[in-house]
Amino acid sequence: MSWIRVALALIFFIIVLFANYQFDTASKTAMGFAKKDVLSFTVKRPGEETIEIKRAGNDWELVSPVADKADSKAVNEIISTAVELSVEKDLDIVIPQELGNFGLVDPVIIIFRLDNKQESAIRIGGINPAGTERFIQTDASLPNVLLVKKEAADKLVKNFFELRNKNIFNNVNENTVKKLEIHKGTIRIVLEKDIKDNWNLLFPVTADADNNMVNDLAQSLGGVQVAGFIEDGEYDPAKYGLDNPSATITFTTIGDQVITAYVGSKTESGARYLALEGERRVVRTPSFVFTKLPNSIDAIRGLKLADIEPEEVEKITIEHGDKVFVLEATLKGQVNSGQDRKWKVTSPMQATADNTIVSKLLRELELAKGKRYTDKGEVDYEKLKKKGDILKVILTTGTETKTVEMVKIASGNEQTCYSRARDSVSILEIDKKGCEPFYDIGPKHFMDRRFFPITSGGVGTAIVERNGEVFELRVAGNGYRMLKPEKRYISDAMYSSFVWTILLLKYTGVLPEADANQTGFENSTLKVAIYNKRGELVNKVIVGKKIPGKEKYYAKSVNDEKYYEIDSKFVEEKIINILKNSLDL
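Numbering (this note's numbering), first residue to last: 851 to 1435.
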């Protein structure tokens, strides 16, 4: 071979190599367009009908084999995957006779039509022996065969069912539905949201509904998906039990769109046939579209004893037999964010109330529920009142008064409570656990038993003296310092734990005066003091001896002459733990 022929062969080799290099580097992505460029595309699957999909605003529509909405999520996944599809390897030129080795003789073909009136096709073939990649060809790569990740290529290979819209109800969920009507057998239930987004029954009774249950029902039904499409040609409601449906569901959305669905008979697999009013199409749906519907009015009716907003209550009157006591808020009207409504006992005596306990009562009333609604004629409420233990809780806001009345009936060792529902007709049965806490309360239950009536943010200094050792923590600028038994900065968490343990100290009872030998105050081993940020003493509590026969200790305050009892856990556990933690840190 002459040197000229060798040189020509070398030049040809370099040209081919450069061309392949150009393809590999310039075509790291298999397709050369952007997502926004795609106007429509065609999917051709071997042995199946051709699928045509086109853009419709921000959504996608099926053009063939049927005209319908497309599954936008599935369509967008195809386009995004095609745009981002990376070439793992270029297998160079493959002659047509070898395409069968790559599954490319009769491949899945997707033809994208772009806004520049160009077309770009991808042919998706078989899987490589390792099972990690798939063979493809694109218009730009022909006649070369490319390898791409199998996981990515699989996202392109979608069938007609996957590409068809399977949402039965569009824009139906707990936030968009304002009215819901259900017919199931002989039951008809109508529900509607009020201006506070609470659900109310309009039929067969006017009453409140269980918000959580109705919202869950609206969300579940609104999100139901087609399990299968019935393509029988002629629309035949009787064939699928839709001429006399098992149930009818009507949604009214906040945009006043009315959507009615008819639930038909069961399929062999236990699913349900369903059709929308105004559409000549039957679909299969999961069975819950029927089983989730309520079987009775009580199944969806609210069982709450009181419809209250705790922050709006300004006065609480509790009547139990011939005893009456009253709690009143010191702040009336709308309470601004960051403000606490202070409470006081105004009858039968005057005393500061524990805000935490009052708030807990209101919260318990807000959440209190009955066990069930009694059947008509099952209970004579007026007769129960004559022989039962009656309790009334009267709640007064700035605009209205609401009363919760309970009657407790004892039968042997069993106790059951009843309450007239808010419709003033139905009777709620309440189990012992649900009503007993309200029967156990009295004026003293609400009294403020704190030794240190101050918020943690108002504390300037906290001091504990135990067994002759002094622990002193103080606010220092934007941080906190320990001054005794050693000087150092401490963490926010350490300071909060120390202060809150002290602030939560409450007396459990007031004791008669006793002699010094009995109380042990003169030789006290524990003293606790809190000062505010102005350096003023809030209170100092001196702890004496343990009370014989009780898990209590004697305690007294420098602010008065009374003797108190406190829980032993504060002395024997809580104080010891915070002192130990302050030293460990």
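Even glycine gets a Cβ: it sits at the ideal position worked out from N, Cα and C.
* Leaving out five residues on either side along the sequence, give the residues of the same chain with a beta carbon under 6 Å from the beta carbon of G1072. => Taking the first residue of the sequence shown as position 1, residue 1072 is located at position 222. Taken in chain order, the residues that qualify are F1019, V1022, N1023.
* Which two residues bound the contiguous alpha helix (DSSP H) that contains Y1231? -> As a first step, residue 1231 must be located in the sequence shown, where it is residue number 381. 1231 to 1237 is the extent of the alpha helix (DSSP H) around Y1231.
* Express the C-alpha separation of S930 and A1002 in angstroms, rounding to a whole number. => In the sequence shown, residue 1002 corresponds to position 152, counting from 1. In the sequence shown, residue 930 corresponds to position 80, counting from 1. Cα-Cα distance, rounded: 10 Å.
* Report all residues from its chain with a CB closer than 8 Å to the CB of A971; omit the five preceding and five following residues, and keep chain order. => The residue given as residue 971 occupies position 121 in the sequence shown. Only I959, I960, I961, F962, T988, D989 meet the Cβ criterion.
* **Buried/exposed call for R1151, threshold 16 Cβ in 10 Å** => Numbered from 1 along the sequence shown, position 301 holds the residue referred to as residue 1151. R1151 should be labelled buried.
* Asked: Is the beta carbon of K1383 sitting closer than 8 Å to the one on G1308?
  -> Locating residue 1383 in the sequence shown gives position 533, counting from the first residue. Locating residue 1308 in the sequence shown gives position 458, counting from the first residue. Yes, the Cβ-Cβ distance between K1383 and G1308 is below 8 Å.
* S1289, DSSP secondary structure in three states -> For the purposes of this step, residue 1289 is identified with residue 439 of the sequence shown, where counting begins at 1. First, the amino acid is wrong: residue 1289 is Tyr here, not Ser. Three-state DSSP puts Y1289 in a helix.
* Asked: Among the residues of its own chain, which have a CB less than 6 Å from the CB of Y1381, if the five just before and after it don't count?
  -> For the purposes of this step, residue 1381 is identified with residue 531 of the sequence shown, where counting begins at 1. The beta carbon of Y1381 lies closer than 6 Å to those of G1310, T1311, L1387 in the same chain, with the five residues before and after it left out.
* To do: Please check the pair G1301 and N1389, which I expect to be a contact at CB under 8 Å, by giving their CB distance rounded to whole angstroms.
  => Mapped onto the sequence shown, residue 1301 falls at position 451. Mapped onto the sequence shown, residue 1389 falls at position 539. A small fix is needed here, since residue 1301 is Phe in this sequence, not Gly. With a Cβ gap of about 5 Å, F1301 and N1389 count as contacting.
* Quick one, which of E1315, G1120, T1224 has its alpha-carbon nearest F1468's? -> No information on residue 1468 is available, as it lies outside the stretch 851 to 1435 that the chain covers here.
* Asked: Near I974, what residues of its chain come up, given a Cβ to Cβ distance below 7 Å and the 5 sequence neighbours on each side ignored?
  -> Within the sequence shown, residue 974 is the residue found at index 124, counting from 1. Contacts found: P957, V958, R984, I986, A1003, L1006, V1007.
* **Cα-Cα separation, L858 to I943** => On the sequence shown, residue 858 is found 8 positions in, with the first residue counted as 1. On the sequence shown, residue 943 is found 93 positions in, with the first residue counted as 1. Interpretation of L858 is limited by its pLDDT of 44, a score under 50 that renders its predicted location unreliable; no figure is taken from the coordinates.
* How big is the Cα-Cα spacing for E948 and R895? -> Looking up residue 948 in the sequence shown gives position 98. Looking up residue 895 in the sequence shown gives position 45. For E948 and R895, the distance between alpha carbons rounds to 21 Å.
* **Span separating the alpha-carbon of N1017 from that of G1227** => Here residue 1017 is taken as the residue at index 167 of the sequence shown, counted from 1. Here residue 1227 is taken as the residue at index 377 of the sequence shown, counted from 1. Spanning the two alpha carbons is a distance of roughly 45 Å.
* Bridge partner(s) assigned by DSSP for L1278 -> By 1-based counting over the sequence shown, the position of residue 1278 is 428. L1278 is bridged to Y1223, S1269.
* Asked: Taking just the CA atoms, how far does Q1069 sit from V888?
  -> On the sequence shown, position 38 is the one that residue 888 refers to. On the sequence shown, position 219 is the one that residue 1069 refers to. Each residue's Cα considered, the two are about 33 Å apart.
* alpha helix (DSSP H) containing R1213: first to last residue? -> In the sequence shown, counting from the first residue as 1, residue 1213 sits at position 363. Counted as a single uninterrupted DSSP element, the alpha helix (DSSP H) harbouring R1213 occupies residues 1205 to 1217.
* To do: Determine the DSSP secondary structure at N926, reduced to helix, strand or coil.
  => The residue labelled residue 926 in the question sits at position 76 within the sequence shown. In this structure, N926 counts as helix in the three-state DSSP scheme.
* At which residues does the alpha helix (DSSP H) containing Q1368 begin and terminate? -> Taking the first residue of the sequence shown as position 1, residue 1368 is located at position 518. From DSSP, the alpha helix (DSSP H) with Q1368 extends over 1366 to 1369.
* **Unbroken alpha helix (DSSP H) run spanning T1351, endpoints** => Here residue 1351 is taken as the residue at index 501 of the sequence shown, counted from 1. The continuous alpha helix (DSSP H) containing T1351 extends over residues 1342 to 1353.
* Could you give the distance in angstroms between the alpha-carbon of K1142 and the alpha-carbon of L1067? -> If you number the sequence shown from 1, residue 1142 lands on position 292. If you number the sequence shown from 1, residue 1067 lands on position 217. A direct Cα-Cα distance of roughly 7 Å separates K1142 from L1067.
* Spatially closest choice to T1246 from A1364, A1156, D1290, L996, by CA coordinates -> By 1-based counting over the sequence shown, the position of residue 1246 is 396. Of the listed residues, the one whose Cα sits closest to T1246 is A1156.
* **Continuous alpha helix (DSSP H) assignments of at least 4 residues falling wholly in the region 902 to 974** => DSSP runs (the alpha helix (DSSP H)) wholly in the region 902 to 974: 922 to 934.
* Can you say whether F1420 is buried or exposed, counting buried as having 16 or more other CB atoms within 10 angstroms of its CB? => Your numbering for residue 1420 matches position 570 in the sequence shown. Within a 10 Å sphere around the beta-carbon of F1420 sit 16 or more other beta-carbons, which makes this residue buried.
* Ignore the nearest five residues each way along the sequence and tell me which others in F873's own chain have a CB closer than 7 Å to its CB. => Mapped onto the sequence shown, residue 873 falls at position 23. At F873, the pLDDT of 43 sits below 50, so the modelled position is not reliable; the number obtained from the coordinates is stated separately. Excluding positions up to five away in sequence, the list reads D940.
* Asked: How many angstroms separate the CA atom of K1194 from the CA atom of V1163?
  -> Looking up residue 1194 in the sequence shown gives position 344. Looking up residue 1163 in the sequence shown gives position 313. Between K1194 and V1163, the C-alpha separation is close to 13 Å.
* How would you write the range of the alpha helix (DSSP H) that V1061 sits in, first residue to last? -> Here the question's residue 1061 lines up with position 211 in the sequence shown. With the sequence shown as reference, residue 1061 is identified as Asn, and Val is not the correct amino acid for it. That run of the alpha helix (DSSP H) goes 1061 to 1072.
* **Span separating the alpha-carbon of A1179 from that of E1159** => Numbered from its first residue, the sequence shown carries residue 1179 at position 329. Numbered from its first residue, the sequence shown carries residue 1159 at position 309. Near 14 Å, if we compare the C-alpha coordinates of E1159 and A1179.
* Asked: When DSSP builds the beta bridges, which residues end up paired with K1337?
  -> Translated into the one-based positions of the sequence shown, residue 1337 becomes position 487. In DSSP, K1337 forms no bridge with anything.
* Cβ neighbours of V1408 in the same chain (closer than 6 Å, five flanking residues each side left out) -> Taking the first residue of the sequence shown as 1, we reach residue 1408 at position 558. So the list reads K1390, once near-sequence residues are dropped.
* Would you identify the three-state DSSP class for N994, choosing helix, strand or coil? => One-based indexing of the sequence shown puts residue 994 at position 144. In this structure, N994 counts as strand in the three-state DSSP scheme.
* How about P1144: is its C-beta nearer than 8 Å to some C-beta of chain C? -> The structure shown has no chain C; it contains just one protein chain.
* Can you check whether the CB of L1181 is closer than 8 Å to the CB of I1166? -> To locate residue 1166, count along the sequence shown from 1; it is residue 316. To locate residue 1181, count along the sequence shown from 1; it is residue 331. If you check the CB distance, I1166 and L1181 do not come in under 8 Å.
* Asked: Closest by CA to V1314, which one among A1260, T1251, L1355?
  -> The sequence position of residue 1314 within the sequence shown is 464, counting from 1. That would be L1355, whose Cα lies nearest to the Cα of V1314.
* Could you give the DSSP three-state label for K1173: helix, strand or coil? => In the sequence shown, residue 1173 corresponds to position 323, counting from 1. In this structure, DSSP gives K1173 an extended state, which the three-state scheme calls strand.
* D1239 to F1138 span [Cα, whole Å] -> Position 389 of the sequence shown holds residue 1239. Position 288 of the sequence shown holds residue 1138. Our two residues, D1239 and F1138, have alpha carbons roughly 44 Å apart in a direct line.
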